[in-house]
Amino acid sequence: ENMFEWIYNSPGNHCTIGAVERANQTLFNIIRKLCDFGKLQWDTVVQEAVNSYNMSFNRSIQTSPYMLKFGKTPMFEVDRYYAANQVFVDKQTLIDRRNEVFDKYAMINIGKGDILAFNNYKMGDKVLVFREKLGDKLANCWSDGFRIVKKCSSDSYIVESCESRIRVNKKHLKLDLSFRDGDVGI
1 ENMFEWIYNS PGNHCTIGAV ERANQTLFNI IRKLCDFGKL QWDTVVQEAV NSYNMSFNRS
61 IQTSPYMLKF GKTPMFEVDR YYAANQVFVD KQTLIDRRNE VFDKYAMINI GKGDILAFNN
121 YKMGDKVLVF REKLGDKLAN CWSDGFRIVK KCSSDSYIVE SCESRIRVNK KHLKLDLSFR
181 DGDVGI
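Residue numbers (the UniProt record's numbering): 1 to 186.
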């Protein structure tokens, strides 16, 4: 009826991607925020949380669940007040886009626990080093101004800046493509 192919697996199975668990966790997070982290009764905000989840964009289906089911954007009171036009979308187009994204995802060979990292750094390459800034979630965690000095092993490098020299795992390195020597910025 909804054009979904149902595949049943347990959450611990390596073939699952945790979509149900992720959807449930998202819904619980919305409920937590709406009931002010336990200060209000959660059962009073369930319908509002479900509506919020259904209206929000979902990456796996490339649209909101509401638009996929009804083929149109939802109309809110504010939309009616300002006489906004409701947008209608061809459901088949949404389904085709969802299937295209899924097919592209299915072609990727993903192994759980495998992190692929670029490892072809040369001595003297300018790199960015990942350093987590604990107090600020929105801060850029990639520090610039480092150069590769030495390769210690297949997974680690010694990098230096004008202030320090540190050993870094390859997954915490990224090639600095901002400006090469001799490049002129605009």
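The beta carbon of each residue, even a glycine, is placed where N, CA and C say it ideally should be.
Note that the structure is predicted; figures quoted are calculated from it, not measured.
Whole-Å CB distance - residue i paired with residue j, under 8 Å assumed
i	j	result
S161	G145	5 Å
K126	D176	4 Å
Same chain only: Cβ atoms within 6 Å of residue i, ignoring 5 sequence neighbours per side
i	result
Y121	I148
I61	L68 and R98
A57	Checking the sequence shown, residue 57 turns out to be Phe, not Ala. Around F57: S64.
Close-in-space but distant-in-sequence residues of the same chain around residue i (CB under 7 Å, 5 per side omitted)
i	result
S143	L128, V129 and R131
D155	N169 and K170
Status (buried if at least 16 other CB within 10 Å, exposed otherwise) for residue i
i	result
L134	exposed
V87	exposed
V20	exposed
residue 206	The requested residue 206 does not occur in the structure, where the chain is confined to residues 1 to 186.
I108	exposed
Y105	exposed
L40	exposed
Y157	buried
L138	exposed
Proximal residues to residue i (C-beta, below 8 Å), its chain only, five neighbours per side dropped
i	result
L27	A49, V50 and Y53
K72	Q86, V87, F88 and V89
Closer than 7 Å: residue i CB and nearest the ligand NAP heavy atom
i	result
W42	As for the ligand NAP, it is missing from this structure, which has no ligand bound.
*Please confirm if the stretch 33 to 47 is in contact with the stretch 56 to 66, defined as three or more CB-CB distances below 8 Å between the two stretches.*
For the pair of segments examined, the stretch 33 to 47 was found not to touch the stretch 56 to 66: the number of CB pairs separated by less than 8 Å stays below three.
*Whole alpha helix (DSSP H) runs in the stretch 51 to 106 with 4 or more residues, listed along the chain?*
Whole alpha helix (DSSP H) segments, 4+ residues: 65 to 70 and 77 to 81.
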